[in-house]
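S.K.: Okay, handing you the structure first.
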Amino acid sequence: MVGLLSYCVTVYRMSTVISHGLVDIQRLLNMNCIAVN
Numbered sequence: 223m224v225g226l227l228s229y230c231v232t233v234y235r236m237s238t239v240i241s242h243g244l245v246d247i248q249r250l251l252n253m254n255c256i257a258v259n
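The sequence shown maps to residues 223 to 259 in the numbering used here.
Rendered as structure tokens:
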């Protein structure tokens, strides 16, 4: 039971980190597009 809970917490943290990373990448791409234009 405890192992399953820690597993869910780990997956949740990884998913939030990945989603934040995608947001950062999108911001970088948008800044690059604005700089090019």
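Just so you know, even glycine gets a beta-carbon here, dropped at the ideal spot from N, CA and C.
Rounding to the nearest angstrom, what Cα-Cα distance links Asn-252 and Val-245 in this structure?
M.R.: Start at 1 with the first residue of the sequence shown, and residue 252 comes out as number 30. Start at 1 with the first residue of the sequence shown, and residue 245 comes out as number 23. Their Cα atoms are separated by approximately 10 Å.
S.K.: How far does the alpha helix (DSSP H) with Asn-252 in it extend, from its first residue to its last?
M.R.: Locating residue 252 in the sequence shown gives position 30, counting from the first residue. Its alpha helix (DSSP H) spans residues 224-258.
S.K.: Given this structure, state the Cα-to-Cα distance separating Ala-257 from Tyr-234, to the nearest angstrom.
M.R.: By one-based count along the sequence shown, residue 257 stands at place 35. By one-based count along the sequence shown, residue 234 stands at place 12. The alpha-carbon atoms of Ala-257 and Tyr-234 are separated by roughly 35 Å.
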